[in-house]
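Shown next, in structure tokens, is the structure this report addresses.
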Amino acid sequence: MMKVSFMVTTCVLLFYTCRAQNPKSQFVWGINGHPLTQKDYSNNLDDQIAALKDLNVSSYRFDVILTKDGYAKNQPAFIKLLQALRQNNILPFAAVMQTGIGGMPPDSVYQIAFSQGKNFGVAYGDYFTVLEVNNEVDNKIRVRNVPAGVRPDAEYDIEKSKRFMAQISGFIDGVKTVKPSIMISLSVSFTHFYYLELLKENKVNYDIIGCHWYSNMGDMLAQKLPIANVLSYIQGHFNKPIWITEFNRFKGTGAVSFALQSQYITDNIPKLISQKNIGAFFVYELFDEQSLSAKFPLEANYGIMYKDASGNYVKKDSFYGYKRLIYK
Numbered sequence: 003m004m005k006v007s008f009m010v011t012t013c014v015l016l017f018y019t020c021r022a023q024n025p026k027s028q029f030v031w032g033i034n035g036h037p038l039t040q041k042d043y044s045n046n047l048d049d050q051i052a053a054l055k056d057l058n059v060s061s062y063r064f065d066v067i068l069t070k071d072g073y074a075k076n077q078p079a080f081i082k083l084l085q086a087l088r089q090n091n092i093l094p095f096a097a098v099m100q101t102g103i104g105g106m107p108p109d110s111v112y113q114i115a116f117s118q119g120k121n122f123g124v125a126y127g128d129y130f131t132v133l134e135v136n137n138e139v140d141n142k143i144r145v146r147n148v149p150a151g152v153r154p155d156a157e158y159d160i161e162k163s164k165r166f167m168a169q170i171s172g173f174i175d176g177v178k179t180v181k182p183s184i185m186i187s188l189s190v191s192f193t194h195f196y197y198l199e200l201l202k203e204n205k206v207n208y209d210i211i212g213c214h215w216y217s218n219m220g221d222m223l224a225q226k227l228p229i230a231n232v233l234s235y236i237q238g239h240f241n242k243p244i245w246i247t248e249f250n251r252f253k254g255t256g257a258v259s260f261a262l263q264s265q266y267i268t269d270n271i272p273k274l275i276s277q278k279n280i281g282a283f284f285v286y287e288l289f290d291e292q293s294l295s296a297k298f299p300l301e302a303n304y305g306i307m308y309k310d311a312s313g314n315y316v317k318k319d320s321f322y323g324y325k326r327l328i329y330k
């Protein structure tokens with residue numbers, strides 16, 4: 003931390019840095035990207051940083067694949083990203099993807115995951131105030147084609163869930179032995195709330211519920227009973243801070259015009275924030291991923307920016323719409 007030598011300068015600097023470094027104290031605005039894992043985010047870190055600064059977001063959420071020992075697979079690129087974000091006062095929010103645990107019983111999974119978390123905390127913990135462990139595990143343990151995700155019977159693979167509980171819990175416990183101040187977010191999509199019940203039953207030591215919501219899921223504030231208002235339901239049943247860590251029009255501009263994507267974002271974010279029980283908001287995502295168009299066309303056009311035929315990054319209507327909300 004800074005020394006108190008020049009009081010005015012110190013106060014100004016603290017005011018400037020607390021926006022990114024203390025997500026507990028004030029609202030966190032963010033965006034998702036894939037700077038370490040996807041082709042459309044390769045060799046353009048400067049463009050990403052410039053866009054993040056232009057948006058005025060305080061955090062960047064991204065996925066990082068780990069080795070079986072808990073270190074980043076592409077460590078030089080990971081460190082470069084973390085340093086660039088720190089230099090630009092942007093909070094890194096990594097969703098860590100574990101490897102090397104498949105096919106083992108839960109007790110063994112926990113021990114390996116604990117070592118992974120501890121190694122990660124030692125190697126990179128100083129960069130983070132918040133982390134996510136895995137991503138949308140609710141979708142990984144649900145039975146296919148059963149969308150609601152509220153009831154345990156016939157909706158979840160309980161045996162598979164035991165391994166995931168051990169995997170997540172082990173990593174969290176390992177990280178927190180090294181960096182107990184790091185907050186852990188776990189994501190849940192749609193109304194898959196039995197997953198949150200499983201976390202509670204297994205005493206998983208996490209801090210934030212990260213909700214993922216897209217337009218095809220309906221109105222977040224007007225679902226079927228008994229859930230109705232999703233935010234109020236989560237708050238009342240699970241008593242943890244709520245962040246919205248993915249949000250957009252379904253299929254992005256692959257399904258609708260630039261204007262309609264922007265309208266969905268700008269109409270709904272104020273309504274959700276007005277509920278006064280959200281601590282952060284992250285739109286998905288920064289850049290279109292045209293390299294996915296052939297294999298995964300639904301994933302290709304979620305960006306609020308795209309690259310034109312000349313290779314220049316162009317802002318969609320949603321970039322400007324989201325930016326206006328952030329500046330309020």
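Letter by letter, the sequence shown follows residues 3 to 330 of the working numbering.
Note that CB positions come from ideal geometry on N, CA and C, so glycine has one too.
Sub-9 Å separation of residue i and residue j beta-carbons
{"i": "T268", "j": "L201", "result": "no"}
{"i": "E248", "j": "H36", "result": "no"}
{"i": "L38", "j": "A86", "result": "no"}
{"i": "L294", "j": "Q40", "result": "yes"}
{"i": "F192", "j": "H239", "result": "no"}
{"i": "F130", "j": "A79", "result": "no"}
{"i": "K181", "j": "G123", "result": "yes"}
{"i": "D140", "j": "S189", "result": "yes"}
{"i": "F166", "j": "N218", "result": "no"}
{"i": "K75", "j": "I103", "result": "no"}
{"i": "I170", "j": "Y208", "result": "yes"}
{"i": "P107", "j": "F64", "result": "no"}
{"i": "I306", "j": "I33", "result": "yes"}
{"i": "I92", "j": "L68", "result": "no"}
{"i": "A115", "j": "A168", "result": "yes"}
Straight-line gap, residue i to residue j (C-alpha atoms, nearest Å)
{"i": "Y73", "j": "S44", "result": "20 Å"}
{"i": "E134", "j": "I186", "result": "6 Å"}
{"i": "G220", "j": "Y315", "result": "31 Å"}
{"i": "K226", "j": "V232", "result": "10 Å"}
{"i": "Y216", "j": "P272", "result": "15 Å"}
{"i": "Q263", "j": "G256", "result": "10 Å"}
{"i": "D109", "j": "K120", "result": "17 Å"}
{"i": "S312", "j": "S60", "result": "30 Å"}
{"i": "L274", "j": "Q237", "result": "14 Å"}
{"i": "Y112", "j": "I174", "result": "10 Å"}
{"i": "K318", "j": "S259", "result": "10 Å"}
{"i": "Q265", "j": "D310", "result": "22 Å"}
{"i": "W31", "j": "Y62", "result": "9 Å"}
{"i": "S117", "j": "N204", "result": "19 Å"}
{"i": "P25", "j": "V132", "result": "Model confidence at P25 stands at a pLDDT of 49, short of 50, so the residue's coordinates are unreliable; what they give is reported in the following sentence. Each residue's Cα considered, the two are about 8 Å apart."}
{"i": "G105", "j": "G172", "result": "16 Å"}
{"i": "Q28", "j": "Y308", "result": "31 Å"}
{"i": "S320", "j": "E161", "result": "42 Å"}
{"i": "R144", "j": "N136", "result": "15 Å"}
{"i": "Q100", "j": "V66", "result": "9 Å"}
{"i": "K325", "j": "D56", "result": "8 Å"}
DSSP-derived helix/strand/coil call for residue i
{"i": "M167", "result": "helix"}
{"i": "D221", "result": "coil"}
{"i": "Y304", "result": "coil"}
{"i": "Q23", "result": "Confidence in Q23 is poor, its pLDDT being 43 and thus under 50, which makes the residue's placement unreliable; the coordinate value appears in the next sentence. If DSSP states are grouped into helix, strand and coil, Q23 belongs with the helices."}
{"i": "E199", "result": "helix"}
{"i": "A115", "result": "helix"}
{"i": "T247", "result": "strand"}
{"i": "E134", "result": "strand"}
{"i": "P94", "result": "strand"}
{"i": "M9", "result": "Any reading at M9 is ruled out, since the residue's pLDDT is 30, under 50, leaving its predicted position unreliable."}
{"i": "I186", "result": "strand"}
{"i": "K278", "result": "coil"}
{"i": "L227", "result": "coil"}
{"i": "N121", "result": "helix"}
{"i": "A79", "result": "helix"}
{"i": "I236", "result": "helix"}
{"i": "F284", "result": "strand"}
{"i": "Y382", "result": "With the chain running from 3 to 330 in the structure shown, residue 382 is simply not present."}
{"i": "K309", "result": "strand"}
{"i": "F173", "result": "helix"}
{"i": "Y216", "result": "strand"}
{"i": "S295", "result": "coil"}
{"i": "M3", "result": "For M3, the predicted model reports a pLDDT of 39, less than 50, meaning its position is unreliable and no value from the coordinates is stated."}
{"i": "A86", "result": "helix"}
Spatial neighbours of residue i in its chain, beta-carbon cut-off 6 Å, leaving aside the 5 residues before and after
{"i": "F304", "result": "Note on residue identity: the sequence assigns Tyr, not Phe, to residue 304. The answer, listed in chain order, is N250, G254, Y286 and E287."}
{"i": "D42", "result": "F289, E291 and S293"}
{"i": "K164", "result": "P108"}
{"i": "E199", "result": "none"}
Residue i - containing beta strand (DSSP E), residue span
{"i": "Y62", "result": "S61 to I67"}
{"i": "V30", "result": "V30 to G35"}
Residue i - containing alpha helix (DSSP H), residue span
{"i": "I267", "result": "F260 to I275"}
{"i": "Y322", "result": "D319 to I328"}
{"i": "Y43", "result": "From DSSP, Y43 is part of no alpha helix (DSSP H); its letter is neither H nor E."}
{"i": "I143", "result": "V139 to I143"}
{"i": "K55", "result": "L47 to L57"}
Close beta carbons around residue i, own chain, < 7 Å, minus the five adjacent residues each side
{"i": "Y329", "result": "N58"}
{"i": "G323", "result": "S264, I267 and T268"}
Contact set for residue i: own chain, Cβ-Cβ below 8 Å, skip 5 residues either direction
{"i": "E301", "result": "E291 and L294"}
{"i": "W245", "result": "V30, S187, I210, I211, G212, C213, I280, G281, A282, F283 and F284"}
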